[in-house]
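Colleague:
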Amino acid sequence: MAAADTFRAAAVEQLQTWGERIGVEVVSGKDNSDPASVAFDAIERAGDLSASFLFIDTAGRLHNKSDLMNELGKIKRVIEKVSPVSEVLLVIDATTGQNGLQQAKVFAEAVNVTGIILTKLDGSARGGIALAIEDALDIPIKFVGTGESIDDFAQFDPAQYVKGLLS
Numbered sequence: 181m182a183a184a185d186t187f188r189a190a191a192v193e194q195l196q197t198w199g200e201r202i203g204v205e206v207v208s209g210k211d212n213s214d215p216a217s218v219a220f221d222a223i224e225r226a227g228d229l230s231a232s233f234l235f236i237d238t239a240g241r242l243h244n245k246s247d248l249m250n251e252l253g254k255i256k257r258v259i260e261k262v263s264p265v266s267e268v269l270l271v272i273d274a275t276t277g278q279n280g281l282q283q284a285k286v287f288a289e290a291v292n293v294t295g296i297i298l299t300k301l302d303g304s305a306r307g308g309i310a311l312a313i314e315d316a317l318d319i320p321i322k323f324v325g326t327g328e329s330i331d332d333f334a335q336f337d338p339a340q341y342v343k344g345l346l347s
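The numbers in the working numbering rise by one with no breaks, and the one at position 84 of the sequence shown is 264.
If you want it as structure tokens, here you go:
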């Protein structure tokens, strides 16, 4: 995993904790280092390890912050110089309202989003915005998060999701 969220306090430590829990090495940089350089270093390390895939965690960002969206595009361009990008997942909070559709549009334009991770389904939120995104942009929901443990992260099950909507 790559800890490319170099701005949020404790983001690197949080990812390192997850890495330890699941037995995965985490590549990180110094505080406030360039996220694209962390991603590049992680790609090189993944190659050294003959890793099948690399998960790169970037800073959360709002779609209306053009400098942060440009940074995301830079990270992807740096990665593509070394290796093709096969998956770009947008994390959407289930409590996100209709603004989430505009957010997804901007992200999809910037980095060609290939899937959605829908989080915080453990509360009262149903995450209907993810369905709107899937319908409008043809971006599938791939994973869901229902809590804070590793067992609370799973592949999206449409039948289970609909059952939850109707209950």
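We treat Cβ as the ideally placed atom computed from N, Cα and C, and that holds for glycine.
Answer yes or no: do A239 and F287 have a C-beta to C-beta separation smaller than 8 Å?
Modeller: Contact flag unset, no.
Colleague: Which stretch, first to last residue, makes up the alpha helix (DSSP H) that contains A310?
Modeller: Its alpha helix (DSSP H) spans residues G308 to L317.
Colleague: Return the CA-CA distance between L333 and V262, expressed in angstroms with no decimal places.
Modeller: According to the sequence shown, residue 333 is Phe rather than Leu. C-alpha separation (whole angstroms): 29 Å.
Colleague: With a floor of 3 residues, list each beta strand (DSSP E) that falls wholly inside the stretch 182-230, ordered by position along the chain.
Modeller: Whole beta strand (DSSP E) segments, 3+ residues: 182-184.
Colleague: If I measure Cβ to Cβ from I236 and keep anything under 6 Å in the same chain, skipping five residues before and after, which residues do I get?
Modeller: A182, A184 and A219, listed in sequence order.
Colleague: Please classify E251 as buried or exposed, where buried requires at least 16 neighbouring CB atoms within 10 angstroms.
Modeller: Buried is the call here.
Colleague: So, does the CB of T326 fall closer than 8 Å to a CB anywhere in chain C?
Modeller: Looking at the structure shown, chain C is missing, and only one protein chain is on hand.
Colleague: Please list the terminal residues of the continuous beta strand (DSSP E) segment that includes Q335.
Modeller: F333 to Q335 is the extent of the beta strand (DSSP E) around Q335.
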